Every structure is written in C-alpha cells, then in structure tokens.
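These notes concern the structure reproduced below.
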Amino acid sequence: MSVTSGAAPRRAADGPPERFPGFDVLEQSGHWDAVTSGVVLSRVGMPPDIRFFTPAEQAVATALCDRLLGQPDEDDGTGTRLPLVNLIDARLAEHRTDGWHYHDMPTDAQAWRDTLAALDADAQEQYGTGFATCAHDEQTALIQAVQDLGSDPWHGLPAAHVWSLWTRYACTAFYSHPTAWNEIGFSGPAYPRGYKNIGVDRLEPYEVHDAIPSDDPLRRSR
Amino acid sequence: MSSVRDRNESAWLLPADGARTNHRLRHDMRRFDDTDEVDLVVVGCGAGGSTMIQRLARAGWRVVALDAGPFWDPDTDWVSDEAGSHHLYWTEPRVISGSDPVPLGSNNSGRGVGGSMVHYAGYTPRFHPSDFETYTRDGVGADWPIDYADLKPYYEAIEEELPVAGEEWPWGDPHSYPYRPHPVGGNGEIFLRGAEKLGVTAKVGPVAIVNGRFGNRAHCIYRGFCLQGCKVNAKASPLITHIPDALAHGAEVRANAMVTKIEVDERTGRATGVHYVRDGVSRFQRAAMVAVAGYSIETPRLLLNSACDRFPDGIGNDFDQVGRYLMVQGAPQTAGRFDAEVRMYKAPPPEVSTEAFYETDPSKPYQRGFSIQTVSPLPITWAEHIAAQGHWGSDLREYMSDYVHWSCLGALCEFLAQPDNRVTLSDEKDRHGLPVAHFSYSQCDNDTQLMKAAQSVMEDILHAAGADEVITIDRYAHLVGGARMAADEQHGVVDADCRTFAVPNLYITDGSVLPTQGSANPALTIMSVAARAADRLARGARNGA
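Residue numbers (our numbering), protein chains in the order written: chain A, 5 to 226; chain B, 18 to 562.
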C-alpha cells in the first residue's frame, strides 16, 4: 500500500470526472485550528502500519475495499490510492468501533475477520483461487452476490448486516480523506474562519463551482 | 421572571478572550471526599444531570455529579472533522436486536460532560400540549402524570438560558423565542421555497445557537459542524450553559468516573450512595440522595445492574417496568437534487422546521404525526445515504461527486411506546466486568405508516422546490423512555417529580422518564423536566422525605 509523497495529490486515481477543477482543500489548511489540522493532515501522511489484520486478511480486505470504493489495484501515477485498509485496521486495533453490534453478528472486529474468511472461501469455491488473486470482475461478482442476498443469510450471518459493516467502515475511511473532499467539492474544516457566503449558489472565494452541474448521475441512469 | 444572568451566570463565566473554557473555574472547583455524605450525587452530566446540579447548587445543596466521560475543552478536544469526532460518542459495547434494531453510538449516544447535547444538532422545540395526554386524546401511547402547563414555566426559563433563536412559533402552545431567527443557508432556503409553493407553513428555528452575543459566548460562524461539538461556544450544551454556574455555586463535577452500582441499605430501603470506578480504582461516594441521569440505555442498565437482596431483578423493577417503553423517533431523511449548488454543509444543519403534521389528523389511518426539519449530512454521513440506495464502487464515487447539488430534509416520526421495546442485560460484559445493555426494538404498524407519510411529504416539498430526483434513507433519531414517569408503580418507574416509586431518595432525571416523545427533539424537554424536579426538591426537604 503506497501513497504518493511530496505535494498533496488533488484527486483520487480512477475516480469520476473532475468536477471541481483547481479545487484543493489542503490549500486552506493554513486557516484551520491546530487540533483539527493535526487530525486531518495525519491522514495525508504515512498510513498507519497494519496491526489488526493477518497478512491473509489484509489481502482480502484490500481487494474488497478497493472494489467497494472503485479504487485501482495500484497507483497509476495520476493520483493517490487511499490506504483504506490501513485506516480500518487502525480503528479495529484501537477499538475505535461504534460499540454496538447486532445480536446476530459478532463484534465488529470479529465480524471483519469472519467475513473476510467467508469471502475468501467463496472465491476458492467459485474460482479456485483466493479473493485477492481473482480478476476484478470476479471480485465484483462475489461482492455483488453478498449485496443481492439482502437480509438472507450468508455464511450464517445476515447479508444486509455484513454489507452495512463493510460499507460503513470503507466509506468512513474514504470520505475522511482530503483527496475525496476535492473530488466532491467539500470545503472541509471551517474553524475558526467559518462561512461568509451561505445560500444557494453562493460560494466562498476559495470554493470552485461544479464544472458540469447538470451531470446528474441519477438523471443519466434513467 | 428575573433576568437570565441572575438565575444562571454560565455564559458570563466563560472566557471573553476567545478561549472556550474557564480553566480557573475548573481548577478552583470544590472537591468532596468519598466519605462526605453529600446532599445529592448525580450520575451523568448531560441535559438532565447538569440542569439538576446547577439548580440545586444554587439552592445551597452540596452536590457532586459523576460522569463516565471526559470534562471536555472545546479548544483542545474537538475538531472540525467528521471521522475525528468519534470520541464524542458512547462506544462502550451494546447489543441491538428486534425486527427493527436501532444502531447506537454516533447517532444518539453522547459521552462526557455535556452528554448528547455536545453532538445534538441544536433543535430545541417544545412538546405540544397533546403529547402529555396521547392516550386520552388518541387512544395510543400514555398520559403523563403532569401536563404541559406544569412544564411551561420551565420551558420558558431554559429557552432563555440556552438561549433559543427562532421565529414566532405557531404550533402546539404558540410562543416566541428570546432571540431572532438565524439567516439560512442553501438547505434552509430550499425547504422554505418548497414549503411555500406547497402551502405548508415552515419556520426558521428553534435552535439553541447564539444569534448575536450572549454573555461571553460568541455568535455562530456557520461552519456547519454542529454535530461534531461546537468549537465556537455558540451552540448550547450543558458544558457551557449550566456547568459553569454549577461550579461557581460549589458543585463538583467528577469526570471519568463510571458508576457501576447504586447502593441501597437493605434495612432502611434507602439509597446510600454509588459505587464507581475512576482511574481503575473502585470507590464509593456517600450521598443522602441519588439522581440517575445516564439516558435511556445506561440508566435502565444501571438500575438492573444494581440488583440486591431487596431488589433481585434490579432497583425499581418490582413490577417489571425498568427498561420498558423505550422509544426512538422514526427519522427518514429525504434528499433532492438541484442543478444549483446547495452546499448544505455551509451553515448549521438545524435551520428550518415545520410542525404542521405533528398532531393526529382524523382523515389519516394513523395516529399522531411527524415534524420535518433540515438536516445537512457531511460527506461520511452522506455516503451512507448513497450507499443505502445500493450504490458501490465507481458508481458510488460518481453519485458522491454530486454532493454539492443535494438538499436534505429529515422527519421525526412519533413512534409509539411499546412494552417490549426495552433494555435488558446481555450475557456480554464490558471492561468493568458488568453486563452490557441489550436493546430490542420493533416497529408497530402505526410507526411504519408514519415513516411512509413523512417521506411522501418531504418528497413533495423537495419537488415543489424544483428537485428533479429524490432519494430516501430510513433511519432513527433520539432515545427517550426506559424508566418512565407514571401515576403508579405498576405503570412506571418514577412519579411526577422523578422520584422512584421503589426508593424514596432515588431520582431519575433524564430522558428515560418521558412516557411519550411527540415529534420533537427531546433535549429541551429533558432539561425542563429536570429543572422541574430540581425545583420541587429545592422547595422540599433534602432527604427525600
């Protein structure tokens, strides 16, 4: 898992078309309070080492999270591939979970171990190789099969609760990163400066208008 | 009513130099010994507990509040960041079940001094008069042993102390607010536009966010991170609205102190204090009176975990009432897509609301109703919305890149109190070796109908405002009930004054005593119920006689 060092990357590799050209939330970091800066900028630097997942679990989790967030396998040089598994691993290692768990699921940490093993078993059964070494379309099919089960059981666990576990952790990791904020035009921390221009179509001087405002994915899909 | 500063000086006890915490006040705080029999020990320092100690310290009582979490400093402990605010939530282990299990943690469970009001949005509507007699009026829910008029003076007092900003309020018991409404951002603008086109009355407020200057608290800067703890001291939480005044009047707040058991003397049947753990050391605080204010999950859990010979099934549980009638509000969120940029993350999420659908409408097949408010999810929460539509992979990324174009409304549907929606003890244990709470929740037909009706109205409002697409995610908000107030011990845990039927010097002063919840955010009502209980105590004897 590597992260481009040096200048802060502007957009994530393999992402959607660039809608906010030139917008870089990190350019505003000089206006953030020190405590917030510390928290946010730590995500841009070296990702934390893997402590919770075994190497086998890490391999499955990496492929799973990359598919869930549409990331490429490797940096393609155009941007950063976010270290989602390192961020999830840190939460599980440090018990930074939400605390609660469904009565028909183990605790989050154990549920991650169990479901990664189950996904790997599905890959072995269907494609004769581990999940991490399956082709992208095979991985996608295996993941889609879990989502399609809805609330039916998958390896003894309600598939909907498994889906919720995976997407909650993966989305939290991805959308906590300034690179993801650039992709969606989100201005990030706003203390102590706050916002001066609130209201529809009102931007701060450093915010950038969407270059393709009518590119509504819902409308396009109809 | 006397001026608010004469009653509660909190806002003037905060620093005026841009710092958010009066460290001198905390440093000089009175400290009691465990062996001192204080007049009152309060368990939990959120909406209910903080109000209790502020009121009773002012009345000259010797009071200590124990809180399991930290004594926050907004400058150093809180950030303008979603993922970085995880420590604001109660994330000790809990188990959820039922046909509609309710996720806990970040959405509805606070931690530390200030409680859930540290991360609540800031909406502070009153309950309607009908909420206190839903059984009589509509044949559902329960009647309270008090009515709206009993709470009204406390609503008015707390609204001044927070203070609340909003327009003239036409619903329930019509009333005004001490501060003018805030300007609205893109999301509020969309709501007002859609409601007007539809002929639905919507109003700005009511939010407990300073508009102007209040004491040494600063004006809101519209940064949008209300749910991550207000670094500005503009949004009200007891940490800044009641605790400073409590400390100035000799109360002690003992943070990082996890209460594990209420001790009851088997011979006298009276509470003698609480066991707690601090820095790993088990201790016991003596007290002439105990008030539990740990909110709807932890309060029942503590009562159940305090079982003893006299109360083998938990304190106050002789009639199997503890933990029952726990309620959440159905809180579907419907979002609409606009070609214009709404950028709902700018300005506080709480802006505009309507209570036009709050009361029972005889033409509908369901009882009771719902309110609608602006909610403005930040990116991680917004990703939950998009993922809930089934999107993942590059599909999810594309939908997410559309974030600035969306406006989002949320409903609060009055789910009905049901006996089997309850907290029991799980076989699982926490790090103290205590059984954790098991919270089971299932909707009834009326609940499900309200969810659908609310979604349909939100879709209409967004379409009327010009949205071309709408999406909805079903979720829940708030917790109340679990140790409810009732006329007698066979129907509840505490009486009208929040005193437990079972133990004369044991009180419960938090959201768990609410028998119904209306379609209102509960913070203001929880504070008002606690303020009333404190008032009754201050006027009576100190020993619960």
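Glycine is no exception: its CB is placed at the ideal position from the N, C-alpha and C atoms.
Remember, it's a predicted structure, so these values are computed and weren't measured experimentally.
Straight-line gap, residue i to residue j (C-alpha atoms, nearest Å)
i	j	result
A/Asn186	B/Ile490	25 Å
B/Met275	B/Pro317	15 Å
A/Asp53	A/Pro59	12 Å
B/Ala548	B/Glu506	23 Å
A/His181	B/Asp412	19 Å
B/Ala324	B/Ala482	56 Å
B/Leu105	B/Glu315	16 Å
A/Gly154	B/Pro118	16 Å
B/Ala550	B/Pro255	17 Å
B/Val453	A/Ala65	30 Å
B/Tyr172	B/Ser388	19 Å
B/Asn204	B/Val221	12 Å
B/Asn560	B/Asn522	Bear in mind that a pLDDT of 47 at B/Asn560, under 50, signals an unreliable position, so the number given afterwards is only what the model happens to contain. Each residue's alpha carbon lies about 7 Å from the other.
A/Trp158	B/Gly65	43 Å
B/Gln406	A/Arg71	17 Å
B/Phe88	B/Leu451	24 Å
A/His107	B/Ser114	5 Å
A/Met5	A/Arg206	Note that A/Met5 scores a pLDDT of 32, beneath 50, so its modelled location is shaky and nothing firm can be said.
B/Arg154	A/Thr144	54 Å
A/Ile92	A/Gln62	10 Å
B/Arg47	B/Ala76	16 Å
B/His192	A/Ile216	46 Å
8 Å Cβ cutoff met for residue i and residue j
i	j	result
B/Met417	B/Ile403	yes
B/Asn322	B/Phe328	no
B/Pro436	B/Tyr342	yes
B/Pro142	B/Asp447	no
B/Ile478	B/Leu426	yes
B/Gly61	B/Asp527	yes
B/Val81	B/Ala74	no
B/Glu283	B/Asp330	no
B/Gly129	B/Gly86	yes
B/Arg501	B/Glu431	no
B/Leu95	B/Gly246	Per the sequence presented here, residue 95 of chain B reads as Trp, with Leu not at that position. Yes, these two residues count as a Cβ contact at 8 Å.
A/Leu30	A/Leu68	no
Cut-off 6 Å between Cβ atoms - residues of its own chain near residue i, not counting five sequence neighbours on either side
i	result
B/Asp148	Thr533, Gly535
A/Lys200	none
B/Glu54	Arg303, Ala305
B/Glu99	Leu395, Ile397
B/His455	Val112, Thr441, Ser443
A/Thr40	Pro193
B/Tyr344	Just to set this straight, residue 344 of chain B is Met in the shown sequence, not Tyr. Within the same chain, B/Met344 has close Cβ partners Phe432, Ala434, Val497, Gly498, Gln534.
B/Gln71	His259, Asp262, Ala263
B/Glu280	Thr289, Gly290
A/Phe24	Gly189, Val212
Reference residue i, options the options, closest by Cα
i	options	result
B/Ala219	B/Glu185, B/Gly229, B/Cys247	B/Glu185
B/Pro394	B/Val249, B/Asp412, B/Cys243	B/Cys243
A/Met109	A/Gly49, A/Arg55, A/Gly160	A/Gly160
B/Asp92	B/Met502, B/Thr277, B/Lys248	B/Lys248
B/Gly183	B/Thr153, B/Glu150, B/His449, B/Tyr140	B/Tyr140
B/Asn125	B/Pro521, B/Ala550, B/Tyr493	B/Tyr493
B/Ala253	B/Leu319, B/Pro365, B/Ala308, B/Arg300	B/Pro365
B/Ala138	B/Ala373, B/Val224, B/Ala348	B/Val224
B/Ala504	B/Trp29, B/Gly241, B/Glu150, B/Arg72	B/Glu150
B/Gly373	B/Leu215, B/Tyr524, B/Asp56	Looking at the sequence provided, one finds Ala at residue 373 of chain B rather than Gly. When each option's Cα is compared against that of B/Ala373, the closest is B/Leu215.
B/Ser370	B/Thr153, B/Arg210, B/Thr52	B/Arg210
B/Tyr420	B/Ala357, B/Glu269, B/Gly340, B/Asn463	B/Ala357
Proximal residues to residue i (C-beta, below 8 Å), its chain only, five neighbours per side dropped
i	result
A/Arg226	Model confidence at A/Arg226 stands at a pLDDT of 49, short of 50, so the residue's coordinates are unreliable and nothing is read from them.
B/Val230	The question names Val, but residue 230 of chain B is Arg in the sequence shown. The answer, listed in chain order, is His236.
B/Glu486	Gly353, Arg354
Cβ neighbours of residue i in the same chain (closer than 7 Å, five flanking residues each side left out)
i	result
B/Pro195	Glu176, Glu177, Pro180, Val181
B/Asn250	Leu31, Arg37, Pro91, Arg234, Ala235, Ile257
A/Asp37	Tyr195, Pro196
Any non-hydrogen atom of the ligand ATP within 7 Å of residue i CB
i	result
A/Glu187	As presented, the structure is devoid of all ligands, the ligand ATP included, so that no description of it is given.
Within the region 115-198 of chain A, note down every full alpha helix (DSSP H) run reaching 4 residues or more, in order along the chain. 140-152, 163-178, 182-188
May I have a chain-ordered list of the beta strand (DSSP E) segments no shorter than 3 residues that lie completely inside the region 480-517 of chain B? 486-490, 493-497
Length-filtered (3 minimum) beta strand (DSSP E) runs lying within the region 359-396 of chain B: 369-371, 387-391
Quick one: complete beta strand (DSSP E) runs, 3+ long, within the region 395-455 of chain B? 423-430, 439-446
Let me know the beta strand (DSSP E) ranges lying completely inside the region 293-346 of chain B, each 3 residues or longer, listed in chain order. Correct list: 298-303, 307-309.
Secondary structure, alpha helix (DSSP H): runs of 4+ residues fully inside the region 50-91 of chain A: 59-72
Let me know the beta strand (DSSP E) ranges lying completely inside the region 20-101 of chain B, each 3 residues or longer, listed in chain order. 57-60, 80-83
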